[in-house]
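Peer 1: According to full-length UniProt numbering, the sequence shown is numbered sequentially starting from 1. Below is one structure. I have some questions about it.
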Amino acid sequence: MADNFSLWHQLGYVFRKVDDVLDLELSALGLSLQDVQLLYSLKQAPEWRLRMSDLADSVALTRSGVTRAVSRLVKRSLVCRQVCPKDQRAMYAVMTSEGDDALAGAMEIVEPVLQKYFFDGLSKMDERAIMRVMEQVSVLLADSKACQRAEVR
Numbered sequence: 001m002a003d004n005f006s007l008w009h010q011l012g013y014v015f016r017k018v019d020d021v022l023d024l025e026l027s028a029l030g031l032s033l034q035d036v037q038l039l040y041s042l043k044q045a046p047e048w049r050l051r052m053s054d055l056a057d058s059v060a061l062t063r064s065g066v067t068r069a070v071s072r073l074v075k076r077s078l079v080c081r082q083v084c085p086k087d088q089r090a091m092y093a094v095m096t097s098e099g100d101d102a103l104a105g106a107m108e109i110v111e112p113v114l115q116k117y118f119f120d121g122l123s124k125m126d127e128r129a130i131m132r133v134m135e136q137v138s139v140l141l142a143d144s145k146a147c148q149r150a151e152v153r
């Protein structure tokens with residue numbers, strides 16, 4: 001059991017430290033890692049648009065957290081808000097062309113940092129194994145009652 005926690009602790013440490021490096025490097029562009037994660041999620045979506053609740057889920061933020069984060073991006077014209085035509089109570093976050101440009105610039109920083117501090121130490125087989133494990137864990141988390149409760153916040 002202690003070995004499980006040791007691995008979990010080490011994973012958390014590595015991810016936090018790489019996140020710290022990314023945040024520091026991205027600050028030169030006036031962006032945070034969270035900003036880039038939000039823009040990346042929007043870039044992956046059809047028409048660069050997601051409901052606010054889906055965007056929150058994609059980056060593991062609470063609804064209020066994503067509202068604050070999107071507000072910062074709206075002020076910089078990287079994202080705009082649109083009312084959902086089918087449900088006037090729902091709001092979309094939509095990445096603008098300025099947001100796409102900002103994401104492209106951020107990726108010029110993110111990719112080399114990830115390569116240096118994470119991927120250079122892995123083989124292609126390691127990468128595939130990690131992706132497989134992350135997909136399996138994501139499925140388990142999606143079914144977890146604790147995660148479903150956390151999404152309501």
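All C-beta atoms in this analysis are idealised placements derived from N, C-alpha and C, irrespective of residue type, glycine included.
List the DSSP bridge partners of A93.
Peer 2: Mapped onto the sequence shown, residue 93 falls at position 93. Its beta-bridge partners are L50, R81.
Peer 1: Would a C-beta distance cut-off of 9 Å place A93 and V59 closer than the cut-off?
Peer 2: For the purposes of this step, residue 93 is taken as the residue at position 93 of the sequence shown. For the purposes of this step, residue 59 is taken as the residue at position 59 of the sequence shown. It is not a contact, given that the beta carbons lie outside the stated cut-off.
Peer 1: Could you compute how far the alpha carbon of L39 sits from the alpha carbon of V21?
Peer 2: Stepping through the sequence shown from its first residue, residue 39 is reached at position 39. Stepping through the sequence shown from its first residue, residue 21 is reached at position 21. Approximately 19 Å, taken between the alpha carbons.
Peer 1: Is D132 helix, strand or coil by DSSP?
Peer 2: As a first step, residue 132 must be located in the sequence shown, where it is residue number 132. According to the sequence shown, residue 132 is Arg rather than Asp. Reduced to three states, the DSSP call for R132 is helix.
Peer 1: If you draw a straight line from the alpha carbon of Q88 to that of A102, how long is it in whole angstroms?
Peer 2: Stepping through the sequence shown from its first residue, residue 88 is reached at position 88. Stepping through the sequence shown from its first residue, residue 102 is reached at position 102. The straight-line gap from Cα to Cα measures roughly 29 Å.
Peer 1: For the 8 Å Cβ check, are there 3 or more pairs between the segment 4-11 and the segment 24-35?
Peer 2: No contact exists between the segment 4-11 and the segment 24-35.
Peer 1: Quick one: what does DSSP say R72 is sitting in, helix, strand or coil?
Peer 2: In the sequence shown, residue 72 corresponds to position 72, counting from 1. In this structure, R72 counts as helix in the three-state DSSP scheme.
Peer 1: Is P46 near the ligand GTP, judged by its Cβ being under 8 Å from some heavy atom?
Peer 2: With respect to the ligand GTP, the structure shown offers nothing to examine, as it has no ligands at all.
Peer 1: Is M52 near V66, with beta carbons less than 9 Å apart?
Peer 2: Numbered from its first residue, the sequence shown carries residue 52 at position 52. Numbered from its first residue, the sequence shown carries residue 66 at position 66. A contact, by the Cβ cut-off of 9 Å.
Peer 1: Short of 7 Å in beta carbon distance, which residues of its chain neighbour L33, apart from the five on each side in sequence? Order them along the chain.
Peer 2: Here residue 33 corresponds to residue number 33 of the sequence shown, with the count starting at 1. Taken in chain order, the residues that qualify are D19, L22, D23, L26.
Peer 1: Excluding sequence positions up to five away, which residues of its chain have a Cβ less than 7 Å from the Cβ of S77?
Peer 2: As a working mapping, residue 77 is identified with position 77 in the sequence shown. The residues are T96, E98.
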